[in-house]
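Everything below concerns the one structure shown next.
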């Protein structure tokens, strides 16, 4: 992409190592389960969001 994303969101996941058998069959080291939403999609154009970022020293 030539530009940064217009929206951001954060989700929470639980990660667990796979068992040796699961690893052999799937090739995966971890299992991932979605726990929930940390914060919903937010537009980078949203003034409140920009102020929150600025208050933390972020741009």
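Residue numbers (this note's numbering): 213 to 271. We put the CB at the ideal spot given by N, CA and C, even for glycine.
Rounded to whole angstroms, what is the Cα-Cα separation between residue i and residue j?
{"i": "residue 221", "j": "residue 236", "result": "33 Å"}
{"i": "residue 257", "j": "residue 238", "result": "41 Å"}
{"i": "residue 242", "j": "residue 262", "result": "35 Å"}
{"i": "residue 269", "j": "residue 240", "result": "38 Å"}
{"i": "residue 216", "j": "residue 248", "result": "25 Å"}
{"i": "residue 252", "j": "residue 218", "result": "13 Å"}
{"i": "residue 254", "j": "residue 223", "result": "13 Å"}
Taking the DSSP output, what are the residues bridged to residue i?
{"i": "residue 242", "result": "229"}
Would you call the CB atoms of residue i and residue j closer than 8 Å?
{"i": "residue 225", "j": "residue 246", "result": "yes"}
Which residues in the same chain as residue i place their Cβ atom closer than 6 Å to its Cβ, once the five residues preceding and following it in sequence are excluded?
{"i": "residue 265", "result": "none"}
So, at 8 Å on beta carbons, what are the nonlocal neighbours of residue i in its own chain, with the 5 sequence-adjacent residues on each side left out?
{"i": "residue 230", "result": "238, 240, 241, 242, 243"}
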